[in-house]
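Just below is one structure, and these are the notes that go with it.
There are 4 protein chains.
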Amino acid sequence: MSLKIHVELDYWFEQPTDVILQFEAAAIPEQVIESAHVEMTPTEHFTRVASHDTVGERILIRIDGRLQVDYRATVQVQRVLEDCLKLDVVPPHQLPGETIQYLLPSRYCPADQFQQFVEAEFGAVEGGAKVIAMRDWIADHFSYVPGVSDSETTALDTFVKRQGICRDYAHVMITFARAAGIPARIASVFAPGVEPPDFHAVAEVFLGGAWHLVDPTGMAQEGDMAKIGIGRDAADVAFLTAFGNAVMNSQSVSVEMV
Amino acid sequence: MSLKIHVELDYWFEQPTDVILQFEAAAIPEQVIESAHVEMTPTEHFTRVASHDTVGERILIRIDGRLQVDYRATVQVQRVLEDCLKLDVVPPHQLPGETIQYLLPSRYCPADQFQQFVEAEFGAVEGGAKVIAMRDWIADHFSYVPGVSDSETTALDTFVKRQGICRDYAHVMITFARAAGIPARIASVFAPGVEPPDFHAVAEVFLGGAWHLVDPTGMAQEGDMAKIGIGRDAADVAFLTAFGNAVMNSQSVSVEMV
Amino acid sequence: MSLKIHVELDYWFEQPTDVILQFEAAAIPEQVIESAHVEMTPTEHFTRVASHDTVGERILIRIDGRLQVDYRATVQVQRVLEDCLKLDVVPPHQLPGETIQYLLPSRYCPADQFQQFVEAEFGAVEGGAKVIAMRDWIADHFSYVPGVSDSETTALDTFVKRQGICRDYAHVMITFARAAGIPARIASVFAPGVEPPDFHAVAEVFLGGAWHLVDPTGMAQEGDMAKIGIGRDAADVAFLTAFGNAVMNSQSVSVEMV
Amino acid sequence: MSLKIHVELDYWFEQPTDVILQFEAAAIPEQVIESAHVEMTPTEHFTRVASHDTVGERILIRIDGRLQVDYRATVQVQRVLEDCLKLDVVPPHQLPGETIQYLLPSRYCPADQFQQFVEAEFGAVEGGAKVIAMRDWIADHFSYVPGVSDSETTALDTFVKRQGICRDYAHVMITFARAAGIPARIASVFAPGVEPPDFHAVAEVFLGGAWHLVDPTGMAQEGDMAKIGIGRDAADVAFLTAFGNAVMNSQSVSVEMV
Numbered sequence: 138m139s140l141k142i143h144v145e146l147d148y149w150f151e152q153p154t155d156v157i158l159q160f161e162a163a164a165i166p167e168q169v170i171e172s173a174h175v176e177m178t179p180t181e182h183f184t185r186v187a188s189h190d191t192v193g194e195r196i197l198i199r200i201d202g203r204l205q206v207d208y209r210a211t212v213q214v215q216r217v218l219e220d221c222l223k224l225d226v227v228p229p230h231q232l233p234g235e236t237i238q239y240l241l242p243s244r245y246c247p248a249d250q251f252q253q254f255v256e257a258e259f260g261a262v263e264g265g266a267k268v269i270a271m272r273d274w275i276a277d278h279f280s281y282v283p284g285v286s287d288s289e290t291t292a293l294d295t296f297v298k299r300q301g302i303c304r305d306y307a308h309v310m311i312t313f314a315r316a317a318g319i320p321a322r323i324a325s326v327f328a329p330g331v332e333p334p335d336f337h338a339v340a341e342v343f344l345g346g347a348w349h350l351v352d353p354t355g356m357a358q359e360g361d362m363a364k365i366g367i368g369r370d371a372a373d374v375a376f377l378t379a380f381g382n383a384v385m386n387s388q389s390v391s392v393e394m395v
Numbered sequence: 138m139s140l141k142i143h144v145e146l147d148y149w150f151e152q153p154t155d156v157i158l159q160f161e162a163a164a165i166p167e168q169v170i171e172s173a174h175v176e177m178t179p180t181e182h183f184t185r186v187a188s189h190d191t192v193g194e195r196i197l198i199r200i201d202g203r204l205q206v207d208y209r210a211t212v213q214v215q216r217v218l219e220d221c222l223k224l225d226v227v228p229p230h231q232l233p234g235e236t237i238q239y240l241l242p243s244r245y246c247p248a249d250q251f252q253q254f255v256e257a258e259f260g261a262v263e264g265g266a267k268v269i270a271m272r273d274w275i276a277d278h279f280s281y282v283p284g285v286s287d288s289e290t291t292a293l294d295t296f297v298k299r300q301g302i303c304r305d306y307a308h309v310m311i312t313f314a315r316a317a318g319i320p321a322r323i324a325s326v327f328a329p330g331v332e333p334p335d336f337h338a339v340a341e342v343f344l345g346g347a348w349h350l351v352d353p354t355g356m357a358q359e360g361d362m363a364k365i366g367i368g369r370d371a372a373d374v375a376f377l378t379a380f381g382n383a384v385m386n387s388q389s390v391s392v393e394m395v
Numbered sequence: 138m139s140l141k142i143h144v145e146l147d148y149w150f151e152q153p154t155d156v157i158l159q160f161e162a163a164a165i166p167e168q169v170i171e172s173a174h175v176e177m178t179p180t181e182h183f184t185r186v187a188s189h190d191t192v193g194e195r196i197l198i199r200i201d202g203r204l205q206v207d208y209r210a211t212v213q214v215q216r217v218l219e220d221c222l223k224l225d226v227v228p229p230h231q232l233p234g235e236t237i238q239y240l241l242p243s244r245y246c247p248a249d250q251f252q253q254f255v256e257a258e259f260g261a262v263e264g265g266a267k268v269i270a271m272r273d274w275i276a277d278h279f280s281y282v283p284g285v286s287d288s289e290t291t292a293l294d295t296f297v298k299r300q301g302i303c304r305d306y307a308h309v310m311i312t313f314a315r316a317a318g319i320p321a322r323i324a325s326v327f328a329p330g331v332e333p334p335d336f337h338a339v340a341e342v343f344l345g346g347a348w349h350l351v352d353p354t355g356m357a358q359e360g361d362m363a364k365i366g367i368g369r370d371a372a373d374v375a376f377l378t379a380f381g382n383a384v385m386n387s388q389s390v391s392v393e394m395v
Numbered sequence: 138m139s140l141k142i143h144v145e146l147d148y149w150f151e152q153p154t155d156v157i158l159q160f161e162a163a164a165i166p167e168q169v170i171e172s173a174h175v176e177m178t179p180t181e182h183f184t185r186v187a188s189h190d191t192v193g194e195r196i197l198i199r200i201d202g203r204l205q206v207d208y209r210a211t212v213q214v215q216r217v218l219e220d221c222l223k224l225d226v227v228p229p230h231q232l233p234g235e236t237i238q239y240l241l242p243s244r245y246c247p248a249d250q251f252q253q254f255v256e257a258e259f260g261a262v263e264g265g266a267k268v269i270a271m272r273d274w275i276a277d278h279f280s281y282v283p284g285v286s287d288s289e290t291t292a293l294d295t296f297v298k299r300q301g302i303c304r305d306y307a308h309v310m311i312t313f314a315r316a317a318g319i320p321a322r323i324a325s326v327f328a329p330g331v332e333p334p335d336f337h338a339v340a341e342v343f344l345g346g347a348w349h350l351v352d353p354t355g356m357a358q359e360g361d362m363a364k365i366g367i368g369r370d371a372a373d374v375a376f377l378t379a380f381g382n383a384v385m386n387s388q389s390v391s392v393e394m395v
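Chains as they are written, first to last, in this note's numbering: chain A, 138 to 395; chain B, 138 to 395; chain C, 138 to 395; chain D, 138 to 395.
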C-alpha cells in the first residue's frame with residue numbers, strides 16, 4: 138500500500154525568525170520513501186538535523202518575509218501489523234532503556250495524575266487488551282470537536298471536557314497507557330481519510346516488544362499511516378515551531394492511497 | 138577536585154514491585170569515577186540500561202519486601218569551567234539536533250507560557266548574561282522552603298508562590314531559558330554543601346556550543362558537582378520510581394570534597 | 138434528635154494576627170440551639186458578624202500568642218426531611234434570585250468545565266434522581282484517603298485522582314450539580330459518626346424549592362447534621378482563617394447524639 | 138456627569154433555553170437612572186431578581202429562537218470620589234461582615250496562591266497607596282491583547298502571560314488586593330472611552346470603609362462609570378449566561394458622556 142502525499146504551506150514572517158519545520162515522511166524501515174520532492178523559499182539558513190529519537194528530520198531555517206513549502210512524496214507503508222489483543226505488556230523491569238522516557242509524564246500527558254482512574258477503569262484487563270479497552274473508552278466517551286482545545290490543552294483538560302481533536306485524543310490515550318506502566322508516545326502521521334484533511338496525530342504504544350500505532354479517533358488504520366516523527370507528546374512533533382510571530386496565509390495537506 | 142559520595146537507601150515494598158533506580162555518578166568525560174561500589178539487596182530481576190540521552194544508567198529491578206542500597210564512590214570532577222557571561226547564545230537555527238528536545242516544554246517546565254514574561258524581564262540582556270540575569274532574578278525573588286511543593290508542582294506554581302526546593306528552582310530556571318530560545322535541562326547531581334544533605338538538582342543550559350551547570354539556589358558550584366543523570370525535568374531523573382507503593386525507612390546522602 | 142457538641146482549639150500566633158473564626162452551630166430555623174457556651178482567650182479585638190448568606194456567624198479577632206477556644210453546645214435538629222428522589226429540579230429561569238450565585242463556578246468548583254461529562258453521565262436521569270445518581274457515582278468511584286489533597290485541590294483534581302476527604306467529595310458533588318443547572322453549595326456541619334471525628338463538610342442542593350443536604354461520603358445523614366455555615370465552597374466556610382502564620386497545638390471535635 | 142447608553146443584543150437559540158441576563162445600569166445611590174427603556178423579544182418566561190449582593194438585577198428568561206434586546210438609558214453618576222492614596226486599609230478584624238466574601242478566593246481569583254508575591258512586591262507600601270501600586274504594576278507589566286484569554290483564564294494564567302483584556306486585568310487586581318487582606322470584587326460597568334466599545338469590567342476595592350472603583354487598564358475613570366453589577370469575579374457578572382447553546386448574531390454597546 139502506498140500513499141501519495143502533497144503538502145503546501147504558505148506563511149509570513151514580519152521579521153527575521155528562527156523556525157523549526159518537520160513535515161516530511163520519515164525514512165525508516167517500516168516505510169519506503171519511493172519519491173520525495175521539496176520546494177521551499179530560499180532562506181538565509183537551512184540545516185537538517187535528526188528529529189526526536191532519530192525518527193525523521195527537522196529542518197532549521199531562518200526566514201524573513203514569505204515562506205512557501207511544497208512537498209510531494211510517495212511512500213510505501215510496509216509496517217508489520219499485529220493484533221494488539223494478542224500482545225503482552227512488557228513489565229517496566231524488562232523494558233529496553235530507550236522506551237523509559239515514554240513511561241514518564243510530559244507537558245501534555247501528566248500520567249502521574251491518572252493512576253487511580255486507570256487502575257479503577259482498566260485494572261482488570263490484562264495485556265494488549267488493556268490498550269484496546271483504553272482506545273475504545275476514549276472513542277465511546279469523547280466527541281471530535283475542533284476549536285475547543287488549543288496549544289495549552291492537556292490530557293487532563295480533555296479528560297474532563299470529553300471533546301477535542303486528534304492530538305487531544307492521542308494525549309489522553311498516551312496518558313492512560315503510561316499510567317498503567319505501558320510506554321506510549323505520539324506519532325505525527327500522514328493518513329488517508331482524515332476529515333478535514335490535515336496532519337494527523339495518533340498514539341503509539343509499546344506492546345510485545347515493539348511499537349504499535351493506535352488511533353482513538355478511529356479515523357486512521359495502523360497499516361495506512363506514514364510517520365513524520367515521534368515524540369513524548371505534541372510539543373515534540375509540531376510541523377512548524379516559530380521563535381517569533383508567524384502568520385498563516387494558507388496550508389493544505391492531501392493524502393491519497395494509490 | 139574529588140568528591141567522596143555515600144548513599145544509603147532503605148525502602149519497603151509490600152508486594153512485588155517494579156522499580157527504576159538512578160543514584161550513581163555517571164561515567165562521562167567530565168568526571169572520572171575513581172572508585173565505585175554498590176551493595177544491594179538481591180532482587181528477582183536486575184538490569185542496567187542507559188539513561189536519558191545516554192548520560193548515566195538506570196537500574197531496573199523487581200523487588201518484594203525490603204530494599205537496601207549502599208553506594209560508595211569517589212569521583213574526580215574535571216569539568217571545563219567557562220564564564221557564562223562571556224558565552225554566546227546559539228540561535229535556534231544553528232542548534233545541534235540533539236539539543237532541540239531541551240527547547241521544548243515538558244511536564245514541569247511549561248516554557249510556552251512564559252514568553253512574554255521572559256521577553257519583558259530579560260529581553261534586553263544579550264548572550265550568556267541573560268542566563269546569569271535569570272539565575273540572579275530567581276535567587277533574589279525566591280525563598281528555599283521545604284514542604285511547600287510536591288511531585289505535581291510545576292514551574293508555573295513555583296513562579297507564583299516564589300518558594301520551593303532545588304528542583305523547583307531548577308524548573309523555573311529551565312523554563313525561563315527555554316522561553317528565551319536557549320536549550321535547558323535538569324541535572325541531578327551530587328554536590329557538597331547542600332543543606333540538608335540530599336540528592337541535588339540544578340539546571341544545565343546550552344551556551345557557546347556546550348552545556349553549563351547553573352544552580353539558582355546558590356548552594357552548589359559548577360566545578361564541584363558530580364552528575365548522576367540529565368533529563369527534560371525532574372520526571373526524567375528521579376532516583377527511585379516505583380510502579381506500586383514504596384515506603385521509605387531511611388535515606389541518607391553524604392558528599393565530601395577530598 | 139439532639140447533638141451534643143464539644144470543640145477545643147488550641148493555636149499559637151507568633152505575632153499579632155487577624156483571624157476569622159466560624160465554629161459554632163448556626164441559629165437557624167432548622168435547628169434549635171438548646172444551649173451553647175464559648176470560652177476563648179481574651180483578645181485585643183472581638184466582633185461577631187453575619188456569615189455567608191446570613192447563615193451562622195463569623196468571629197473576627199486580633200490575637201497575639203496562644204488562642205484557646207472551648208465550645209460546648211446542644212443542638213436539636215428539626216430539619217424537614219424529604220426524599221430527593223421525589224423532588225423536582227427547578228429550572229434556572231424559575232430560580233429565586235438568591236440561589237443563582239450557587240449555580241456559578243467558584244474557587245474549588247469549576248462547574249463550567251464539567252458540562253459535557255455531566256450531560257453524558259447523568260443527562261438521562263431526571264429530577265432529584267439526578268442528584269442521587271451523582272451522589273452514588275461519587276461514592277462508587279472515589280476512595281476516602283486523607284493526605285492526598287490540600288488547600289489548593291479543586292474538584293477537577295479530585296475528579297481525576299478519585300481520592301480525597303469530605304470537602305473534596307463535597308466539591309465534586311457541587312460541581313456536578315451546578316454543571317447540570319442545579320444550585321449547589323457547601324455546608325460545614327457537625328455530624329455524629331464522622332471518622333476520625335472532625336468538622337465535616339457536605340453538599341447542599343436546591344431541589345423542589347428548598348435546600349437539601351447530601352453527603353457523598355455516606356458518613357452523615359441529612360437529619361443528623363447541625364450546620365455551622367454555608368458557602369460557595371470550602372473557601373467560604375473555613376473554621377479558622379489566619380492573616381499570618383498559625384501553628385496548631387491541638388484540636389478536637391466531638392459530636393454525640395443524645 | 139451623565140452617560141447615554143445604548144445596548145443592542147441579537148442572539149439565536151436553536152432550542153428552548155434558560156438564559157440569565159444582566160445588562161442594565163443598576164439603580165443604586167451612587168448613580169441615578171434618569172431614563173431607561175428595554176425592548177426585548179417576547180419570551181415564554183420573564184422574571185427579574187436581585188443580582189449579586191442586591192446590586193442591580195438579573196433577568197431570567199426562557200427563549201426559543203431569536204432574542205433581540207434594545208436597551209437605552211441615561212444615567213447620572215454621582216459617585217463620591219476620594220483619592221485612594223489618602224485612604225486607610227481596614228484590617229480584616231474590623232471589616233463589615235458583608236465584605237468578607239470579597240477577601241476569599243474565587244473561580245478566577247485564586248488569591249491564596251499570591252500571598253508571597255504580594256508581600257514581596259507590595260509589602261512595604263501602606264494604606265491605599267498599596268492598591269495604587271498594584272494598579273500601576275499591572276498597567277506597567279501587562280499588554281491589552283484581545284483573543285489571548287477565554288472563559289477559563291484565571292488571574293494566575295494572566296499573571297504569567299502578562300496579556301489579556303479588561304476582565305483579566307480586573308482579575309489580577311482583585312487577586313492582588315485579596316492576597317494583601319483587602320476586600321476586592323469585580324464591577325461590570327458602562328464606561329465611555331472603552332476601545333473597542335463594549336461592556337467593561339473593573340476592580341472595586343474596599344478602602345477607608347467604602348468601595349472604590351479601580352481600572353488597571355487605565356481606560357475608564359472612577360467618576361465616569363455606571364455600574365451594571367458586582368460580584369466575586371467575572372462568573373458573577375456575565376451579561377448573558379445560557380443553559381444551552383447560544384449563537385451571537387450581533388452585539389453593540391455605546392456609551393457617551395452628555
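Cβ coordinates follow ideal geometry from the N, Cα and C atoms, glycine included.
Once the 5 residues before and after residue i are set aside, which same chain residues still bring their CB inside 8 Å of it?
{"i": "D201 (chain C)", "result": "F150, Q152, P153, T154 and E181"}
Which stretch, first to last residue, makes up the alpha helix (DSSP H) that contains residue i?
{"i": "A276 (chain B)", "result": "G265 to H278"}
For residue i, go through chain B and note every residue whose CB falls closer than 8 Å to its CB, in chain order.
{"i": "E258 (chain A)", "result": "Result: empty, since nearest Cβ-Cβ is about 18 Å, beyond 8 Å."}
{"i": "T184 (chain A)", "result": "H230 and Q231"}
Rounded to whole angstroms, what is the Cα-Cα separation between residue i and residue j?
{"i": "F380 (chain D)", "j": "L240 (chain C)", "result": "11 Å"}
{"i": "G265 (chain A)", "j": "T354 (chain D)", "result": "55 Å"}
{"i": "A371 (chain D)", "j": "E359 (chain C)", "result": "33 Å"}
{"i": "V342 (chain D)", "j": "H349 (chain D)", "result": "5 Å"}
{"i": "I237 (chain A)", "j": "V227 (chain D)", "result": "56 Å"}
{"i": "E194 (chain C)", "j": "E235 (chain C)", "result": "19 Å"}
{"i": "N386 (chain D)", "j": "G368 (chain C)", "result": "37 Å"}
{"i": "H174 (chain D)", "j": "Q231 (chain C)", "result": "24 Å"}
Please compile the residues from chain C whose C-beta is within a distance smaller than 8 Å of the C-beta of residue i.
{"i": "R299 (chain A)", "result": "Q253, F254 and A257"}
Identify the contact partners of residue i in chain D, using a Cβ-Cβ distance below 8 Å as the criterion.
{"i": "I275 (chain C)", "result": "Correct list: empty, because the minimum Cβ distance to chain D is about 21 Å."}
Along chain D, in chain order, which residues have C-beta atoms closer than 7 Å to that of residue i?
{"i": "P320 (chain C)", "result": "Chain D residues near P320 (chain C): none, gap ~12 Å exceeds 7 Å."}
{"i": "E380 (chain C)", "result": "Residue identity check: residue 380 (chain C) is Phe in the sequence provided, not Glu. Residues of chain D passing the Cβ test: P229 and G318."}
Leaving aside the five residues before and after residue i along the sequence, list all residues of the same chain whose C-beta is less than 7 Å from its C-beta, in chain order.
{"i": "I165 (chain B)", "result": "V192 and K364"}
{"i": "G244 (chain C)", "result": "With the sequence shown as reference, residue 244 (chain C) is identified as Arg, and Gly is not the correct amino acid for it. Around R244 (chain C): D370 and A372."}
For residue i, which residues in chain A fall below 8 Å Cβ to Cβ?
{"i": "F296 (chain C)", "result": "V297"}
Check the Cβ of residue i against every Cβ in chain A and list those closer than 7 Å, keeping chain order.
{"i": "A372 (chain B)", "result": "L241 and P242"}
Quick one: give me the first and last residue of the beta strand (DSSP E) that residue i is part of.
{"i": "A187 (chain B)", "result": "H182 to A187"}
List, in order along the chain, the chain C residues whose C-beta lies closer than 9 Å to that of residue i?
{"i": "P179 (chain D)", "result": "Near P179 (chain D) there are no residues of chain C at all, since even the closest Cβ is about 14 Å away, more than 9 Å."}
Quick one: residues in its chain with C-beta nearer than 6 Å to the C-beta of residue i, no 5 flanking neighbours on either side, listed in chain order?
{"i": "L204 (chain C)", "result": "Y148 and T178"}
Along chain B, in chain order, which residues have C-beta atoms closer than 7 Å to that of residue i?
{"i": "Q250 (chain D)", "result": "V297 and K298"}
4 or more residues per run - each alpha helix (DSSP H) lying fully within the segment 236-268 of chain A: Segments of the alpha helix (DSSP H) lying fully in the segment 236-268 of chain A: 252-259.
Ignoring anything shorter than 4 residues or poking outside the segment 294-321 of chain D, list the alpha helix (DSSP H) runs there in chain order. The DSSP assignment places 303-316 as complete runs of the alpha helix (DSSP H) inside the segment 294-321 of chain D, in order along the chain (cut-off: 4 residues).
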